[in-house]
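Once you know that position 148 of the sequence shown is 133 in the working numbering, the rest is easy, because the numbers rise by one and skip nothing. Ideal placement from N, C-alpha and C gives every residue a C-beta, glycine not left out. Here the structure is a predicted model, which means the values were calculated and not measured.
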Amino acid sequence: MNIEYFRNNILTKELKILSKLHIVAFAASCCEQLFPFYKTFSKMENWGDPQIPRKALDTIWSIAKGESVDLDEVWLLSDRCCSRGICPSDDDRNSHYESSSLFIEAEHLIYSICIILDSYTEITAYDAISISNYVERTLEYYINDFDASFQKKCQGYTLKEQIENFQHHPLVVNEVAKETEDLQKLKEAQVLTLDFLEWLRTSSRKEGWVFINFLKESRSPTATTDRP
């Protein structure tokens, strides 16, 4: 199953009418959803440093606010995020981490941050869509691999029936509603106010923790939930 096809055409139309700062804000909100995966992976494996991507994300939000940022600092942050020990590599992938299911999402966060930092002055709708797709793939991966009730429900279904069921999964419905709301509010916001950006940032980060807690609950019925 691949839900990217169903969203990309809509996203392209919606994002193309937004300013570059609005696109940066949307892309940053997607990164906030992925950040909890990096933080959880780092904590479980005592690996990496969440403060590095966190600082990079804070800088990206400053860019969305229209604040002046030092170009050299932006390049330095991009380099640090992509450096060994911060960005998961193939060697790390082969280390048999217990939390290997979080590995790819941690990697996707770094890729997403670097896309923004390396192109923020000329960021396009397609850059933001690439980042948004990482979030969608995360949903697809965890629902297909960890939601036993969904797997059981889809046994014997055709691909079309599986896609229809996937689109009605609570996490997918919630994510589509959040994305639709974000895009609508971005279109309505001629000026990106501090209050609006803080709402976008906070609500997106909470959405990421919803994914994390879903994963933990799917693995262990007695697992406790984490908070940002």
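Three-way DSSP call (helix, strand, coil) for residue i in this model
i     : result
C16   : helix
C72   : strand
S63   : helix
C139  : coil
H81   : For H81, the pLDDT reaches just 46, beneath the cut-off of 50, and the residue's location in the model is therefore unreliable, leaving the point undetermined.
L177  : coil
D57   : helix
I108  : coil
I197  : helix
D132  : coil
H7    : helix
H93   : helix
N(-6) : helix
D34   : coil
E52   : coil
I2    : coil
Contacts around residue i, its chain only, beta-carbon distance under 8 Å, and the 5 residues preceding and following it disregarded
i    : result
I197 : P21, F22, T25, D211
N150 : F135, K138, C139, Y142
L179 : K50
C15  : S97, A113, I116, S117, Y119, V120, S189
K5   : Y105, T106, E107, I108
Beta-carbon contacts of residue i that lie in its chain and below 6 Å, excluding the five residues immediately before and after
i    : result
Q18  : V120, S189, E192, G193
R224 : Past the boundaries of the shown model lies residue 224; the chain is included only from -14 to 213, so the question cannot be answered.
V158 : none
T123 : E90
I101 : A12, I45
Contacting residues, own chain, Cβ-Cβ under 7 Å from residue i (five flanking each side not counted)
i     : result
I48   : V9, V54, Y105
H81   : With a pLDDT of 46 at H81, under the threshold of 50, the predicted position of this residue should be treated as unreliable, and no value is reported.
N(-7) : I114
D167  : F11, S14, L185
L171  : L3, H7, A10, F11
F199  : Y127, L156
C99   : S63, C66, C67
V154  : For the sequence presented, residue 154 should be read as His rather than Val. The residues are I128, F135.
Residue environment, residue i, which counts as buried when at least 16 other CB atoms sit within 10 Å
i     : result
V59   : buried
I(-5) : exposed
P73   : buried
G93   : Here the sequence assigns His to residue 93, which means Gly is not the residue at that position. With 16 or more Cβ atoms within 10 Å of its Cβ, H93 is classed as buried.
S27   : buried
E164  : buried
L61   : exposed
Heavy atom of the ligand FAD within 7 Å of residue i beta-carbon
i    : result
L124 : The ligand FAD is absent from the structure shown, which contains no ligands of any kind.
Contact with chain D by residue i, beta-carbon distance below 8 Å
i   : result
P21 : The structure shown contains no chain D; it is built from a single protein chain.
Inter-stretch contact (C-beta, 8 Å, three-pair minimum) for the segment 142 to 151 and the segment 30 to 50: As far as the Cβ criterion goes, the segment 142 to 151 does not touch the segment 30 to 50, which means the pair count is below three.
Contact between the segment 124 to 135 and the segment 55 to 74 (3+ Cβ pairs under 8 Å): no
Contact between the segment 88 to 97 and the segment -9 to 4 (3+ Cβ pairs under 8 Å): Touching, no.
Sufficient close CB pairs (3 or more, under 8 Å) joining the segment 25 to 35 to the segment 107 to 116: With a cut-off of 8 Å, the segment 107 to 116 and the segment 25 to 35 do not count as touching, because too few Cβ pairs lie within range.
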